[in-house]
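Line by line, the protein sequences are chains A and B.
Each number in the working numbering corresponds to the 1-based position in the first sequence with 68 added.
Each number in the working numbering corresponds to the 1-based position in the second sequence with 30 added.
Glycine included, each C-beta is placed from N, C-alpha and C at the ideal position.
Please read all numbers here as calculations on a predicted model, not as lab measurements.
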Amino acid sequence: MSSLGRFFASKWGPIITGIAVGVLAPVLVKLGNPGNMGICVACFNRDIAGALGLHRAAPVQYIRPEIIGFVLGALVAALLFREFKPRTGSAPLARFLLGMFAMIGALVFLGCPWRAYLRLGGGDWNAIFGILGLLGGIVLGVVFLRMGYSLGRNRPAPAAVGWLMPALMVGLLLLLVFAPQFGRTAEGQPTGPIFFSTTGPGSQHAPLLIALAVGLLIGFLAQRSRFCTVGGVRDLVLTRDPHLFWGILAVIVAAFVTNLVLGQFKPGFQGQPVAHANALWNFGGMVLAGLAFTLAGGCPGRQLMMSGEGDGDAAIFALGMIVGAGFAHNFNLASSSAGVSPYGPAAVLVGLAFCIVLGLTMREPAR
Amino acid sequence: MNDVKIVDASGLSCPQPVILTRKAIQEGKFPIRVLVDTGTSRDNVSRMAQSQGCKVTVEAKGDGFVLTLTK
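Right under this line is the structure:
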């Protein structure tokens, strides 16, 4: 066990995880997930929000088993390697709001950092602007970190706190399997509380058990290797440490090769799946997302993995993302293949203002 | 032991343990003792300290780890 632990702590850990993500995500697309969306933590949390009725955008409603797998896979790894440490208490409300705004930024771009790299590996050149925005947001976050930004310390918590998020994921899995229909439409047809898309991206999904298995595997690997698609850039900028950055490169290269092999590599700007070609707001949305993720200590995948390790603050961030997705659609902030919503850019600016105020004002209290 | 520099990075999010430890290394007074409470922080701080030419020893203590950095 300890030699395996050492292997994952070595530079190979993030690389192996990145290769797994880069290979398995396009395979999930082949098996039914939306184009260049084999894995997207933002899109999938948005689909979960829709399935739970937190927004009613009909094309994006599905309980994505990959997300459930991430948390439970990380939980298994943390338990096996004695890293399950229930903890909480580091500015949870700030983290919830960071999760909301990170989600709004990601939905203006249409993807989390994982999907930005996967879109690039699939030939969607619009992702280049998103990734540039992401880099900008992370660099801004590093400036605040250097100035002493901190959300403060967490504290050890009762075991129950650590088990809440995994329990919520088991609950989601049950809702996915049983999809209860308690309501009735005006015509008397059964409906809600669980909604699944019949058309659009939400209707496109790989078989449940395969998606869940991929989620579990990646959750396990990512917990062991601390794979983080924001930390990779952050550490490179902050301390010239490329350890996690190799994982990002591995995602892009593996996705490119796998897409080529599967005949899914389609280079260009126009007509890309679940994407728009507005360079400015592909950039702007991801500046906000990158900044919010950096201020919260990691990318959305990493937040899910940490929630599986018992980190209640990371769980709050992830729940903030789901609620943020509800707002993003109910307030018509999210982009679509047709383009950027007229209200999305204003929401990005509000989110940036929030993050900048947080970055300038949050300091660890003196002990 | 009075002149051991203590960096208490327990409970802090990434990458603050690394930032605090690097600041202490740059101050140049050794040994430095760093308190962390997750395997992630232990690995990140160790990697950074080694890249700065420090020798790092890790000791599990209670719920966390004590890293001793020497040069």
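Report the neighbours of residue i on chain A: residues whose CB is nearer than 7 Å to its CB, in chain order.
i              : result
I55 of chain B : The contacting residues do not exist; I55 of chain B stays about 11 Å from chain A at best.
T70 of chain B : R294
Do you know offhand how far residue i's Cα is from residue j's?
i               : j               : result
L328 of chain A : N113 of chain A : 28 Å
E432 of chain A : L420 of chain A : 21 Å
C44 of chain B  : P102 of chain A : 32 Å
I116 of chain A : I55 of chain B  : 45 Å
P127 of chain A : E151 of chain A : 39 Å
W55 of chain A  : P335 of chain A : The question about residue 55 of chain A has no answer here: the residues shown for chain A are numbered 69 through 435.
F149 of chain A : G260 of chain A : 40 Å
A402 of chain A : Q371 of chain A : 22 Å
F385 of chain A : M171 of chain A : 10 Å
H397 of chain A : G270 of chain A : 14 Å
P342 of chain A : N104 of chain A : Note that residue 342 of chain A corresponds to Val in the displayed sequence, not to Pro. Distance between the alpha carbons of V342 of chain A and N104 of chain A: 8 Å.
G191 of chain A : V321 of chain A : 11 Å
C367 of chain A : V301 of chain A : 11 Å
F295 of chain A : A254 of chain A : 48 Å
L359 of chain A : A382 of chain A : 16 Å
I206 of chain A : F250 of chain A : 44 Å
Since residue i is in the beta strand (DSSP E), which residue starts that stretch and which ends it?
i              : result
K53 of chain B : Counting along the chain, K53 of chain B falls outside any beta strand (DSSP E), though it belongs to the alpha helix (DSSP H) covering 46–57.
R63 of chain B : 62–66
Once the 5 residues before and after residue i are set aside, which same chain residues still bring their CB inside 8 Å of it?
i              : result
K98 of chain A : L330, Q332
S76 of chain B : V86, V88, L97
Kindly list, in the order they appear in chain A, the residues whose Cβ is closer than 8 Å to that of residue i.
i              : result
I49 of chain B : L213, R214, L306
R52 of chain B : T307
D73 of chain B : A77, R294
Within a Cβ cutoff of 6 Å, which residues of the same chain sit near residue i, ignoring the five residues on either side of it in sequence?
i               : result
G204 of chain A : V355
V241 of chain A : With the sequence shown as reference, residue 241 of chain A is identified as Leu, and Val is not the correct amino acid for it. Excluding positions up to five away in sequence, the list reads I136.
K153 of chain A : G378
F197 of chain A : A347, N350, F351
K101 of chain B : F60, C84
F76 of chain A  : R292, S293
L306 of chain A : V210
D303 of chain A : D309, L312
F212 of chain A : G427
Please list, in chain order, all residues of the same chain as residue i whose beta carbon is under 7 Å from its beta carbon, the five residues on each side excluded.
i               : result
A345 of chain A : N194, F337, Q338
E134 of chain A : I107, F112, A279, V282, G283
If you run the structure through DSSP and keep just helix, strand and coil, what is residue i?
i               : result
E89 of chain B  : strand
R252 of chain A : strand
L97 of chain B  : strand
R72 of chain B  : helix
K153 of chain A : coil
S265 of chain A : coil
K98 of chain A  : helix
Y185 of chain A : helix
T362 of chain A : helix
R114 of chain A : helix
R124 of chain A : coil
T85 of chain A  : helix
P413 of chain A : helix
D309 of chain A : coil
P224 of chain A : strand
T429 of chain A : helix
G190 of chain A : coil
P341 of chain A : coil
G407 of chain A : strand
G260 of chain A : strand
G106 of chain A : coil
G230 of chain A : helix
G336 of chain A : strand
List, in order along the chain, the chain B residues whose C-beta lies closer than 8 Å to that of residue i?
i               : result
L428 of chain A : Residues of chain B passing the Cβ test: none, with the nearest at roughly 16 Å.
S218 of chain A : L42, S43, Q46
R221 of chain A : S40, G41, L42
K153 of chain A : D67, T68, D93
G299 of chain A : C44, P45
Residue i versus chain B: which residues are under 9 Å apart at the beta carbon?
i               : result
P224 of chain A : G41, D67, D93
S158 of chain A : G41, L42, S43
G86 of chain A  : Within 9 Å Cβ-Cβ: nothing; G86 of chain A doesn't reach chain B, min ~17 Å.
Where do the ends of the alpha helix (DSSP H) carrying residue i lie?
i               : result
V37 of chain B  : Here V37 of chain B belongs to no alpha helix (DSSP H); instead the beta strand (DSSP E) covers 35–38.
N400 of chain A : Element bounds for N400 of chain A: n/a, residue is neither H nor E.
S70 of chain A  : 70–77
E134 of chain A : 133–148
S293 of chain A : 276–293
L208 of chain A : 194–214
V319 of chain A : 313–329
S375 of chain A : 368–376
L175 of chain A : 160–177
Starting from the beta carbon of residue i, find every residue of chain B whose beta carbon is closer than 7 Å, and list them in chain order.
i               : result
D303 of chain A : P45
H311 of chain A : R77
G365 of chain A : S43, C44
Would you verify that the beta carbon of residue i is, or is not, closer than 8 Å to some beta carbon of chain D?
i               : result
K334 of chain A : The chain inventory of the structure shown lacks chain D, comprising the protein chains A and B.
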